[in-house]
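Below is one structure; the comments refer to it alone.
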Amino acid sequence: MSASLSRAQAVVDAGSKAVSLDSGPPILDPSWGLYPPPTPGAAPSSPAASPAASSVASPGVPADYKCAGDEHGLLLYPAAGAVAALGAAPPLPPRGALLRLQPGHCDPTVNLYDWIVAYRGRRVEGVWRIAGRGPGA
C-alpha cells in the first residue's frame, strides 16, 4: 500500500484479480482500523494501541475504491482533497498500512482464492481451504 498526499489517494494491492467487481466495488472497512506497517520481530498491536494509526489516519475517513487494473486498486479520498487544498496534510493511511476491504459480492471474490486466512485483530486464527476450487475440483 502506498499513498499520494498531493492526489489524496492510496494505491492498494487489490485489483480485479483480488476482488470481484460484479456487484460494485469493495469498501474500506472503517471498523477494522488502520495498522502501521508491521515491524519485524515486534509483537502484534491493536489499532487503539498504535499511535501511528491514530495520528496519521482515521479509520472513519471515507474512501472510494476504483479498480486500477488486475493487481492494483485506488482508494480515493474526496474529503482529503479539500483538506489538502487548504494546505494541510490529508488523513491518508501510512505507506505499508494493512487495510481490510469488504467486497461488494463475497461469492465471486472467494471463488478467486484457494484459501481463506482468518484473522482476529492482527493474529491469524485459521487457514481454511476453499472446497470445490482449483483443478480437479
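If you read the sequence shown in the UniProt record's numbering, its first letter stands for residue 1, the second for the next number, and so on. Where a beta carbon is used, it is the ideal one built from N, C-alpha and C, also for glycine.
Nearest CA to the CA of Gly132: which residue from Val124, Tyr113, Ala118, Arg123? Here the question's residue 132 lines up with position 132 in the sequence shown. If we check each option's Cα against that of Gly132, Tyr113 comes out closest.
Euclidean distance between Cα positions of Arg122 and Arg100: Locating residue 122 in the sequence shown gives position 122, counting from the first residue. Locating residue 100 in the sequence shown gives position 100, counting from the first residue. Between Arg122 and Arg100, the C-alpha separation is close to 11 Å.
Which stretch, first to last residue, makes up the beta strand (DSSP E) that contains Val12? Walking along the sequence shown from the start, residue 12 turns up at place 12. Note, Val12: beta strand (DSSP E), 9-12.
Which residues DSSP lists as bridging Gly24, in chain order: Reading the sequence shown from its first residue, position 24 is the one you call residue 24. Gly24 is bridged to Asp22.
Any idea if Ala97 is buried or exposed, counting beta-carbon neighbours within 10 angstroms, 16 or more meaning buried? Numbered from 1 along the sequence shown, position 97 holds the residue referred to as residue 97. That one is buried.
Give the DSSP bridge partners of Lys66, in chain order. If you number the sequence shown from 1, residue 66 lands on position 66. Beta-bridge pairing links Lys66 to Leu74.
Compute the beta-carbon to beta-carbon distance between Pro26 and Tyr65, rounded to the nearest angstrom, for a pair I have assumed lies under 8 Å. If you number the sequence shown from 1, residue 26 lands on position 26. If you number the sequence shown from 1, residue 65 lands on position 65. Sure, about 5 Å apart at Cβ, within 8 Å.
How would you call Gly73, buried or exposed, if buried means at least 16 neighbouring beta carbons within 10 angstroms? Within the sequence shown, numbered from 1, the residue matching residue 73 stands at position 73. Gly73 comes out buried.
Alpha carbon to alpha carbon, how far is Thr109 from Ala18? The sequence position of residue 109 within the sequence shown is 109, counting from 1. The sequence position of residue 18 within the sequence shown is 18, counting from 1. One C-alpha to the other measures close to 7 Å.
So, using beta-carbon positions, are Leu21 and Cys67 closer together than 8 Å? Stepping through the sequence shown from its first residue, residue 21 is reached at position 21. Stepping through the sequence shown from its first residue, residue 67 is reached at position 67. Cβ distance < 8 Å, so Leu21 and Cys67 count as in contact.
How long is the line joining the alpha carbons of Cys106 and Arg129, rounded to whole angstroms? To locate residue 106, count along the sequence shown from 1; it is residue 106. To locate residue 129, count along the sequence shown from 1; it is residue 129. Rounded to the nearest angstrom, the two C-alpha atoms are 16 Å apart.
Taking just the CA atoms, how far does Ala8 sit from Val117? For the purposes of this step, residue 117 is identified with residue 117 of the sequence shown, where counting begins at 1. For the purposes of this step, residue 8 is identified with residue 8 of the sequence shown, where counting begins at 1. Their backbone Cα atoms lie some 30 Å apart in a straight line.
Reference Leu5, options Ser23, Glu71, Gln102, Leu75, closest by Cα: The residue labelled residue 5 in the question sits at position 5 within the sequence shown. The residue with the shortest Cα to Cα distance from Leu5 is Leu75.
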